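A.B. asks: I'd like to ask some things about the structure below.
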Amino acid sequence: MINVKTLAALLMALAPPFVTAAYAQAVDQPVTIVAAAGTPITDMTDGEVRKIDKDSQKVTLKHGEIKNLGMPGMTMVFKVKEASVLDAIQVGSKVRFAADKMDGALIVTAIEAVR
Ligand SMILES: [Cu+2]
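Here is the structure:
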C-alpha cells in the first residue's frame, strides 16, 4: 500500500531526472515539445467573412487554401467551436482562422480579424 508520504518521496526522487530530460529535449527539439504538449500545430488560413449566424454558431467564409484539410479556396459555411469567437468579427472582416475536422464536421477552432 502506498501512502501519501511514500508517494511524495517517490515523486521527489523522480522529478529531477525527468526535468533534466525535458530540458535537454527542449534545447534539442523545441518543435517536438510543442507537439508532445498536445497543441496541434495548425496553419492559419486567410479569409473574409460573408455571413455570421450566432444562433446556430455558423460563419460563412470566403477562404484561401486550407492546407491541413487539403481544401482549395472557396466560399463555404463553417461551424464554430464557441459562439464567443464570433464577437470579434463582422461581415466583411478580413480574418485569419484555423479549421479542423471534428466528428465529421468542419469546425473553426480559432478566428481573428486582421487589418
Ligand atoms: Cu472550403
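Mapping to our numbering: the sequence shown position 16 is 18, numbers consecutive. All C-beta atoms, glycine included, are put in the ideal place defined by N, C-alpha and C. Computed from a predicted model, the values in this text were never measured in an experiment.
Quick check: is any heavy atom of ligand 1 less than 7 Å from the C-beta of Met46?
C.D. replies: Met46: no, Cβ never under 7 Å from ligand 1.
A.B. asks: With DSSP run on the structure shown, which of helix, strand or coil describes Val93?
C.D. replies: Coil, per DSSP.
A.B. asks: Use the C-beta contact count for Val110: other C-beta atoms within 10 angstroms, 16 or more gives buried, fewer gives exposed.
C.D. replies: Classification for Val110: buried.
A.B. asks: Quick check on the DSSP output: the beta strand (DSSP E) that includes Ala60 runs from which residue to which?
C.D. replies: Note that residue 60 is Lys in the sequence shown here, rather than Ala. It spans Lys60 to His65 - the beta strand (DSSP E) in which Lys60 sits, taken as one unbroken run.
A.B. asks: How about Gly49 and Val87: do their beta carbons lie closer than 8 Å?
C.D. replies: Result no, Cβ atoms of Gly49 and Val87 do not sit closer than 8 Å.
A.B. asks: Starting from the C-beta of Gly66, find all residues in its chain whose C-beta is less than 6 Å away, skip the five residues before and the five after it, and write them out in chain order.
C.D. replies: Taken in chain order, the residues that qualify are Thr47, Asp48 and Gly75.
A.B. asks: For Lys103, which residues from the same chain have a beta carbon less than 7 Å from its beta carbon, with the 5 sequence-adjacent residues on both sides left out?
C.D. replies: Answer for Lys103: Leu71, listed in chain order.
A.B. asks: Are Arg52 and Val116 closer than 8 Å when you measure CB to CB?
C.D. replies: Cβ atoms of Arg52 and Val116: not closer than 8 Å.
A.B. asks: Exposed or buried, what is Val61 when buried is set at 16 or more other beta-carbons lying within 10 Å of its beta-carbon?
C.D. replies: When all chains shown are included, Val61 counts as buried.
A.B. asks: Just the C-alpha distance for Gln59 and Phe80, rounded to the nearest angstrom, thanks.
C.D. replies: Whole-angstrom Cα-Cα distance: 9 Å.
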